[in-house]
Each structure stands twice: as C-alpha cells, then as structure tokens.
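Top to bottom, those sequences are chains B and U. Take the numbering used here: the final residue in the first sequence is number 552, and no numbers are missing along the way. Take the numbering used here: the final residue in the second sequence is number 268, and no numbers are missing along the way.
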Amino acid sequence: MIRPKEVISTGWNYIKEERNMSVLVYVEQVDGKFKKSVFEAVSYAKAIAAQTGTNLTAIAIGDVAESELQELGKYGAEKILSVNNTELKNFVNQAYAAVVTEAAQKEAADVIVLSNSFSGKGLAPRIAVKLKAGLVDGAIELPKLDGGKFLVKKNAFSGKAFAVTELTSDIKVIALNPNAFGVKENSVSPAIEAFSPAVQSTDLAAIVKEIVRATDKVSLPDAELVVSAGRGLKGPENWGMIEELAGLLGAATACSKPVSDADWRPHSEHVGQTGIAISPNLYIAIGISGAIQHLAGVSSSKVIVVINKDPEAPFFKVADYGIVGDAFEVVPKLIEALKAHQA
Amino acid sequence: MKILVCISNVPDTTTKITFTNDNTQFNTAGVQFIVNPYDEIALSKAIELCEGGKGTVTVLNVGEAATDPTIRKALAIGADDAVRINAVPRDAYFTAYQIAEYARTADFDIILTGRESIDYNGNQVAAMIGEFLEIPSISIIKKLEYDGTTATIEREIEGGKEIVTVSGKFVASCAEGVAEPKIPNMRGIMSARTKPLTVVEAKDIAEVAKVVSFETPAPRGAVKLIPADDATSLIGLLHTEAKVI
Numbered sequence: 210m211i212r213p214k215e216v217i218s219t220g221w222n223y224i225k226e227e228r229n230m231s232v233l234v235y236v237e238q239v240d241g242k243f244k245k246s247v248f249e250a251v252s253y254a255k256a257i258a259a260q261t262g263t264n265l266t267a268i269a270i271g272d273v274a275e276s277e278l279q280e281l282g283k284y285g286a287e288k289i290l291s292v293n294n295t296e297l298k299n300f301v302n303q304a305y306a307a308v309v310t311e312a313a314q315k316e317a318a319d320v321i322v323l324s325n326s327f328s329g330k331g332l333a334p335r336i337a338v339k340l341k342a343g344l345v346d347g348a349i350e351l352p353k354l355d356g357g358k359f360l361v362k363k364n365a366f367s368g369k370a371f372a373v374t375e376l377t378s379d380i381k382v383i384a385l386n387p388n389a390f391g392v393k394e395n396s397v398s399p400a401i402e403a404f405s406p407a408v409q410s411t412d413l414a415a416i417v418k419e420i421v422r423a424t425d426k427v428s429l430p431d432a433e434l435v436v437s438a439g440r441g442l443k444g445p446e447n448w449g450m451i452e453e454l455a456g457l458l459g460a461a462t463a464c465s466k467p468v469s470d471a472d473w474r475p476h477s478e479h480v481g482q483t484g485i486a487i488s489p490n491l492y493i494a495i496g497i498s499g500a501i502q503h504l505a506g507v508s509s510s511k512v513i514v515v516i517n518k519d520p521e522a523p524f525f526k527v528a529d530y531g532i533v534g535d536a537f538e539v540v541p542k543l544i545e546a547l548k549a550h551q552a
Numbered sequence: 024m025k026i027l028v029c030i031s032n033v034p035d036t037t038t039k040i041t042f043t044n045d046n047t048q049f050n051t052a053g054v055q056f057i058v059n060p061y062d063e064i065a066l067s068k069a070i071e072l073c074e075g076g077k078g079t080v081t082v083l084n085v086g087e088a089a090t091d092p093t094i095r096k097a098l099a100i101g102a103d104d105a106v107r108i109n110a111v112p113r114d115a116y117f118t119a120y121q122i123a124e125y126a127r128t129a130d131f132d133i134i135l136t137g138r139e140s141i142d143y144n145g146n147q148v149a150a151m152i153g154e155f156l157e158i159p160s161i162s163i164i165k166k167l168e169y170d171g172t173t174a175t176i177e178r179e180i181e182g183g184k185e186i187v188t189v190s191g192k193f194v195a196s197c198a199e200g201v202a203e204p205k206i207p208n209m210r211g212i213m214s215a216r217t218k219p220l221t222v223v224e225a226k227d228i229a230e231v232a233k234v235v236s237f238e239t240p241a242p243r244g245a246v247k248l249i250p251a252d253d254a255t256s257l258i259g260l261l262h263t264e265a266k267v268i
C-alpha cells in the first residue's frame with residue numbers, strides 16, 4: 210500500500226519518500242518443515258506490519274511443499290516468495306543473505322525479521338550489511354515506535370539487563386529470540402509466488418558436507434520446557450532420571466558449566482553466561498546452586514523451579530517454586546507424580 | 024599463515040550489572056574488565072593452529088586506550104602482536120566495519136571472533152566482517168581443523184551439528200569446544216609487555232544503531248517452597264497456577 214508522506218526523525222527531520230513499504234520475514238525450513246519458532250517470527254513480523262500499516266511477505270528458501278507454505282498464512286503472511294533452487298538446497302549464509310536481500314529490495318521492505326536461530330545468527334548480520342541496516346539480534350519485544358524513533362528491546366549482559374536499541378537506519382533488521390513473543394494466529398489466504406534470483410558461485414564458497422540432527426531430542430535453544438541438572442547429580446551415570454523427566458514433559462535437557470566442563474554432558478547443553486542463554490516457559494534446575502554466571506543464562510525463563518538439598522542455594526532467590534531436598538529422592542517422586550498427572 | 028583474532032573488552036562474568044546517567048550508561052565503577060571468554064577460545068585456537076612456527080596470530084580490539092591491559096592479556100596468552108583501533112566500539116556494524124577495513128590492509132588467511140560478547144550479546148561482528156570483505160563466514164562453530172588451505176568446520180544447529188568446508192579466506196565465530204582456553208604463563212606475561220601493539224585510527228561510517236537505555240529485570244516474587252515429599256503439589260501448581268505443563 211502507498212503510505213502518506215510523513216516526517217520521521219533520524220537525527221534531523223526530513224520528508225520520507227513516498228513508496229511501497231512492507232515487512233519481510235525469512236522463514237527457515239528444516240527438511241521442508243517450519244518449526245514453531247518460525248511461526249513465532251511470522252506472528253511478530255505481522256504485528257510490526259500492523260503497527261506500521263503495511264503488508265507482510267515471507268521468503269522461504271528450499272524445497273517446501275505448498276501445503277506447508279500455506280501454513281504461514283495462519284500467522285498473517287499475505288504473500289510468500291518460494292525459492293526452490295537446487296544450488297540453495299543447503300543453508301549457506303552468504304548465498305541466503307544475497308537472496309533475502311534481493312527479496313527485500315523487490316518488496317521494498319523496510320523491516321526484515323528473522324528467527325534468532327543458529328542459522329539466523331549467521332544470516333542476519335550479512336543481510337544488515339548488504340542493506341546498510343541496523344540490526345537487533347535477540348529482540349524480546351515488539352518495536353516501540355516512539356516519535357519517529359524505532360526502538361527494540363533485547364537481552365544484554367547475558368540476561369542481567371535489557372538494552373533498548375534505536376535503529377537509526379532506513380531499513381531495519383530484527384532477529385527475534387525464540388519464546389519471546391509467542392505464536393499468534395492471524396489467518397489470511399497467502400499468495401504464493403515462485404522467486405528465482407540468480408545465485409553467484411562466489412557466494413557458495415562454504416560447502417555443507419554433512420548435517421547431523423538428533424531427531425529424538427527436543428532442541429534446547431527454542432525449547433519451551435527445559436530440565437537442567439548440575440554437579441548435585443554426582444556423575445554422568447545419574448542422568449537417566451533427568452532424561453526420563455525431560456522425556457515425559459517433552460522438554461529439552463540442559464546442564465551447568467561444571468557438568469559440561471567435566472564432560473558429563475556435551476557443551477551444547479551448557480546454559481549460562483558462557484554457554485547459551487535460553488528463555489523457556491519452564492526451567493527446572495536440579496542440583497544446581499545458581500552461580501551468577503548460570504543465572505545470567507536462564508533468568509529470562511518465565512517460570513523457574515529449583516530442586517536443591519541446600520536451602521541456602523542462591524538459586525532459590527530467583528525461583529518461583531522450590532523443593533529443598535535430595536535430587537535422588539525428589540526427582541523419582543516428581544516422575545511418579547507426573548505420570549499420575551498425565552494418566 | 025596469518026590469523027586475526029578480534030577481542031572484546033568486557034566486564035568480568037561475576038560483575039553486578041548497574042547503570043548510570045539515567046540508565047543510559049553501563050556503570051564501570053569498580054568493574055574488572057577481561058578478554059571476552061569466547062574470544063579467549065578463538066585466540067587459543069589461533070595459537071594452537073600456529074604452533075610450531077606455522078603462522079602468526081594478531082589480536083585486534085576496537086577500543087580506547089583503557090582497553091590496553093586486556094590486549095596485553097591476549098598477548099600474554101600467546102598472540103604475536105596486537106592492533107587497537109582507537110574508537111569506542113559503538114555498535115557491531117561500526118566495529119565490524121573497522122575490523123574489515125583493517126583486514127584489507129593485511130593479508131589474513133583466517134579471522135576468528137568469539138560467538139558473542141558477554142556484554143551486548145550480539146552475534147553480529149563475524150558475519151558482518153565476512154560480508155564487508157565478501158568472504159565466507161561461519162557463525163557459532165564448535166570445531167575447526169585447518170590443513171593450510173581448507174578448513175573443516177563443525178557448526179552448531181538446533182538439535183545437532185553441521186560440517187562445513189571452506190577453501191580460501193574465511194571468518195568464523197567460536198563457541199565452547201573449539202579449543203581449551205589457554206592460561207598465560209610467566210614467560211607469556213613478561214614477553215607481553217614488549218610485544219608490538221599498533222594503534223590505528225578509526226574510519227567514519229554512518230550510524231545505523233545505538234543503545235539508548237538499559238533496564239534491569241524486575242525481581243521475581245518470593246519462592247513458593249513445596250515439601251520434598253509432595254511432588255504431586257508441584258506438578259499441580261505447574262499445571263493450574265503457572266500453566267506451563
């Protein structure tokens with residue numbers, strides 16, 4: 210749609226050109242399917258389009274069935290650009306950035322939204338440079354449009370604070386943290402359009418050789434529920450009950466730094482200041498004392514449950530629910546109670 | 024082989040984070056600054072790759088003179104020389120641009136950064152450098168092998184890993200697992216004082232983003248304690264009160 214002339218402030222005031230504007234959301238697919246975090250990014254992008262009175266276009270790269278693309282309409286994508294090019298079968302950020310940038314220019318997008326996934330983290334900065342755009346990665350709220358300013362809040366200091374960032378460039382890129390906004394239905398009937406940008410071979414210099422994905426486990430960064438354990442478990446052989454509890458809940462498993470440092474669990478499970486930061490709906494910490502560096506990575510969890518035999522453990526100070534008790538007694542009871550609840 | 028490692032000067036991980044000037048500035052009073060822990064991993068990997076005279080490691084920091092002690096720490100760990108681009112690293116775009124402009128003047132085979140800095144938690148600089156220099160960038164890597172021409176890299180993806188190969192120049196951001204962080208020894212600390220540290224002036228680039236204010240998280244309410252033998256109540260509360268299961 211054509212927007213009226215408006216005065217916006219970018220240090221000094223000037224009249225913004227009249228042009229079609231839109232919001233573009235990059236929708237990452239895994240084996241032809243979209244994950245919840247993608248629907249969340251679409252919901253978020255739709256809300257920005259509503260804020261600014263513009264339309265939402267999604268861009269998907271890879272072999273995705275039309276029925277799956279249609280799903281994006283549920284969350285408000287009015288138009289979907291589908292790029293199905295065998296050269297782009299695997300994610301290569303350099304080439305994908307060129308494609309998303311071309312789509313952004315074609316759609317005259319002034320806001321580009323991505324999910325702040327591992328791939329999104331490698332992609333968003335390259336798009337930002339191509340478009341001379343400011344980027345907020347790890348956004349946790351809708352932008353505030355305040356007197357011509359475009360303000361986005363993100364986690365900073367590893368969860369110990371939030372930083373409100375003003376994007377002062379004409380084009381803005383936002384990478385949304387998983388579980389920060391939620392999935393919001395806003396059904397439209399999307400128009401699907403094939404999009405075939407030229408791919409430069411120099412953009413495909415990184416070659417994907419192998420993808421290994423554990424399909425039986427919930428991935429930690431975008432998990433809604435997380436069961437985490439620490440040194441209180443005494444050894445890697447005792448993780449059976451943690452995995453059983455996580456399995457019953459459909460939760461991902463995580464651990465504290467000493468546990469991954471001791472190789473009891475893989476580094477990819479380490480949450481905390483120097484591991485990964487997560488913000489699930491529920492974080493259950495078992496046998497973790499709650500050092501400041503650990504809390505930094507999990508403090509934005511919506512609900513925190515702490516199970517620790519030490520009533521003085523600092524973790525209880527930031528917990529919503531707590532059980533003072535020995536993990537080896539409490540966890541089996543919790544598993545039993547959960548089975549009874551689910552029965 | 025020449026490797027460039029970009030380091031950030033960040034508050035120590037135990038720092039209590041507070042702000043001044045109406046919550047617009049990080050309060051540095053009494054704060055210990057360190058080499059960003061992920062950058063230390065990147066540096067340790069670079070040193071490992073260059074061991075036995077296979078190459079040299081340059082560390083680079085975008086910062087003002089106050090960051091020199093952090094740069095000296097990186098030299099003590101084992102970098103051969105250092106560059107400081109004399110500017111406040113106001114945002115990732117600015118910082119990546121400065122690094123890329125410097126990298127154009129020297130022929131680096133590999134540029135490494137940490138996966139993110141523990142202050143602003145951006146994951147932006149490595150991929151932005153890659154884009155400015157129009158070379159591949161791999162973000163959040165867990166393993167790196169390099170045979171002198173081709174790098175084999177394991178990068179993290181949701182629920183797994185991806186193996187990528189790159190021939191020619193590249194940028195990568197390092198996560199835990201890439202290398203064991205090296206601890207400086209006495210000889211390293213002594214030699215760090217005399218290793219070259221070159222100061223370069225920053226170049227102008229239009230601003231695209233700026234932090235305008237900080238907020239601290241609202242404190243949580245008091246913890247609700249449940250008796251150790253009453254797991255059923257906890258499940259009940261999570262279901263009916265917290266509504267998370």
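Backbone N, C-alpha and C fix where the C-beta goes; we use that ideal spot for every residue, glycine too. Keep in mind it's a predicted model, so treat the numbers as computed, not measured.
Proximity to ALA198 of chain U across U:PHE49, U:ASN59, U:ASN44 and U:ASP45 peaks at U:ASN59, based on C-alpha coordinates.
Residues of chain B with a Cβ closer than 8 Å to the Cβ of GLN48 of chain U do not exist, since the nearest Cβ in that chain sits about 11 Å away. Not a single C-beta of chain B is nearer than 8 Å to the C-beta of PHE56 of chain U. Rounded to the nearest whole angstrom, the CA to CA distance from GLU402 of chain B to ALA174 of chain U is 38 Å. Nearest in C-alpha terms to PRO250 of chain U, of all of B:LYS542, B:ALA549 and B:LYS244, is B:LYS542.
Taking 8 Å as the CB threshold, ALA471 of chain B stays off the interface with chain U.
Nearest neighbour of ALA307 of chain B by Cα position, chosen from B:LYS283, B:SER324 and B:LYS339, turns out to be B:LYS339.
The three-state reading of DSSP puts GLY101 of chain U in coil, since its state is none of H, G, I, E or B. Just measuring C-alpha positions, the residue of U:THR37, U:GLY75 and U:GLY137 sitting nearest LEU27 of chain U is U:GLY137.
The alpha-carbon separation between ASP45 of chain U and PHE237 of chain U amounts to approximately 9 Å. Annotation note: the segment 276 to 329 of chain B contains the following uninterrupted alpha helix (DSSP H) runs of length 4 or greater, listed N- to C-terminal: 302 to 315. Taking 8 Å as the CB threshold, TYR530 of chain B lines the interface with chain U. In this chain, the beta strand (DSSP E) harbouring PRO34 of chain U covers 32 to 34. Counting of Cβ neighbours within 10 angstroms places ASN264 of chain B among the buried residues, the total reaching 16 or more. In the structure shown, ASN109 of chain U falls within a strand segment according to DSSP collapsed to helix, strand and coil. Among the CB atoms of chain B, one or more fall inside 8 Å of the CB of GLN147 of chain U. Take ASN294 of chain B, set aside five residues on each side of it, and the residues of its chain with a beta-carbon closer than 7 Å to its own are SER405 and VAL408, in chain order. CA-CA distance, THR47 of chain U to VAL392 of chain B, rounds to 32 Å.
Each of B:GLU446, B:LEU434, B:LEU457 and B:GLY444 was checked against the Cα of ALA463 of chain B, and the nearest Cα belongs to B:LEU434. At a beta-carbon threshold of 8 Å, the residues of chain B lying near ILE249 of chain U are TYR530, GLY531 and ILE532, ordered along the chain.
The residues ILE152, PHE155 and LEU156, in chain order, have a CB closer than 6 Å to that of ALA123 of chain U in the same chain once the five nearest residues on each side in sequence are set aside. Residue range 449 to 458 is occupied by the alpha helix (DSSP H) that includes LEU457 of chain B, with no beta strand (DSSP E) assigned at that position. Distances from the alpha-carbon of GLY285 of chain B to those of B:THR310, B:ASN299, B:ALA258 and B:ALA522 put B:ALA258 closest. Restricting attention to B:GLU538, B:ALA552 and B:ALA312, the CA atom closest to the CA of ALA254 of chain U is found in B:GLU538.
The three-state secondary structure of LYS526 of chain B, taken from DSSP, is helix.
Rounded to the nearest angstrom, the gap between the Cα atoms of PRO112 of chain U and ALA225 of chain U is 10 Å. For GLU87 of chain U, the CB contacts under 8 Å within the same chain, skipping 5 residues up- and downstream, are ASN109, ALA110 and VAL111 in chain order.
In this structure, TYR492 of chain B lies near SER510 of chain B, with their beta-carbon atoms less than 8 Å apart.
Ranked by how close their Cα comes to the Cα of SER367 of chain B, the residues B:PHE524, B:ASP519, B:ALA536 and B:ALA505 have B:ALA505 in first place. Within the DSSP bridge table, the entry for ILE416 of chain B names U:THR188 as partners.
Secondary structure at GLU177 of chain U: strand, using DSSP grouped into helix, strand and coil. Residues of chain B with a Cβ closer than 9 Å to the Cβ of PRO60 of chain U are, in chain order, GLN482 and THR483. DSSP, read as helix, strand or coil, puts GLN502 of chain B in helix. Taking CB atoms only, VAL338 of chain B has a neighbour in chain U less than 8 Å away. Nearest in C-alpha terms to ILE416 of chain B, of all of U:SER160, U:LYS266, U:GLY244 and U:GLY259, is U:SER160.
For TYR116 of chain U, the nearest beta carbon of chain B is closer than 8 Å to its own beta carbon.
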